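Numbered according to UniProt numbering, the sequence shown terminates at residue 251, and the numbering increases by one at each position without gaps. Just so it is clear, CB atoms sit at the ideal spot from N, CA and C, and this is done for glycine as well. None of these values were measured; they are calculated from a predicted model. Structure, as structure tokens:
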Amino acid sequence: MSTVQASPRVLWPRIYLLGDTLTQFAFRLCGWGQLIAESYSRRCDVVARGFCGYNTRAWRHTLPLVLGPEDAAHAAAVVIMLGTSDSAEPRDPEGSHVPLEEYADNMERMIDYLKACGVTEDKVILVTPPPIDEQLWLANTKRQGKDTHRALASVTKYAKECTNVGSRKGVRVVDAHSDFLKDAHWSRLLSDGISLSPAGSHKLATLLLPVIKEVVGDAPRLFPDFADLQPDQPEDGISAWTAEACGCARL
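Below you can see the structure in the form of structure tokens.
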């Protein structure tokens, strides 16, 4: 049996997407995470860590289990989109409501934790929670036999506080909430009143990508194009690229 020896690895820079249901579904067909990953194909790994229903109270305890100091060196950007669950009405039976002041504190603590890990403020991007179509959401929950309470006015407060947190902590903010509302037919951006439709995902990706590019810069394509390799000895071109790109010796 042949033995496998340790060899150098080319590590992709990572763009982390952290959030709730909207992020868990980011890689559905035509999802916003899928669109970002396509834009950074062969240049960055796009890593989605979304958990359905999670609020900032839950995320404060989850973040250290998802991203630690050992990940910071390869974190090209960290996108955080939270607030949709937090903004649920206090009487909502799902119990995801988090008071506005606690929401802000949780967000700031998460940014502080990332900074302590080595992820500097210039790599963090906050995204305000998108608006909620109350009637569409109510109709959807009734069809499912549920009784959950969401209000546009409430999520608007959390979106504004997310922007305030970004200002206080010196991190970039993509105000998806305000930009969605600028669309005269913004409810079309939502599939059930909260979740993003394909049009909503496209809108969010369009808003995010220029900001991610500011953070990540012109990330180069990894590994040489096949057309630049010698068909009989591709290892020469690969080794030469590897030595130049990351200082690794010939394999």
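- Boundaries for Y54: no beta strand (DSSP E) harbours it, and the DSSP string shows neither H nor E there.
- Taken in chain order, the whole alpha helix (DSSP H) runs of length 4 or more contained in the stretch 128-189 are 134-143, 152-169 and 176-181.
- By the Cβ neighbour-count rule, T206 is exposed, with fewer than 16 other Cβ atoms within 10 Å of its own.
- Burial is judged here by how many other beta carbons sit within 10 angstroms of a residue's own beta carbon; S167 has fewer than 16 and is exposed.
- Inter-segment contact for the stretch 183-194 and the stretch 128-148 is present: three or more beta-carbon pairs are separated by less than 8 Å.
- Excluding its 5 nearest sequence neighbours in each direction, C44 has C-beta neighbours in its own chain below 7 Å: W12, P13, R14, I15, A76, V216 and A219, listed in chain order.
- A residue is called buried once 16 or more other Cβ atoms fall within 10 Å of its Cβ, and G68, having fewer, is exposed.
- Between V174 and V119, the C-beta spacing is not below 7 Å.
- L82 sits in coil when the DSSP states are folded into three classes, being neither helix nor strand.
- Around the beta carbon of L18, 16 or more other beta carbons lie within 10 angstroms, which makes this residue buried.
- When beta bridges are read from the DSSP output, A48 appears opposite L17.
- Between T148 and E94, the CB-CB gap stays under 7 Å.
- In this chain, the alpha helix (DSSP H) harbouring H202 covers P198 to V216.
- If you compare the alpha carbons of Q233, E244, L209 and Y103 with that of Q34, the shortest gap goes to L209.
- DSSP, reduced to helix, strand and coil, places V124 within a strand of the structure shown.
- The beta carbons of Y158 and L100 sit about 7 Å from each other, so the pair counts as a contact at 8 Å.
- In this structure N164 touches A104 by the C-beta definition: roughly 7 Å separates them, less than 8 Å.
- In this structure, I36 keeps its C-beta atom at 7 Å or more from the C-beta atom of V47.
- For A26, the secondary structure class from DSSP, reduced to helix, strand or coil, is coil.
- The C-beta distance from I111 to V66 rounds to 15 Å, too long to meet the 8 Å contact threshold.
- DSSP places A77 within a strand segment (E or B) once states are collapsed to three.
- In the assembly as shown, K142 is an exposed residue. Its beta-carbon has fewer than 16 other beta-carbons within 10 Å.
- Excluding five sequence positions before and after F27, the CB atoms of its chain that fall closer than 8 Å to its own CB belong to G33, Q34, A37 and A48, given in chain order.
- Counting every other CB atom within 10 Å of its CB across the protein chains shown gives K182 a total below 16, marking it as exposed.
- Here the alpha carbons of L136 and I125 stand approximately 29 Å from one another.
- With contacts defined as CB atoms closer than 7 Å, C162 and G83 qualify as a contacting pair.
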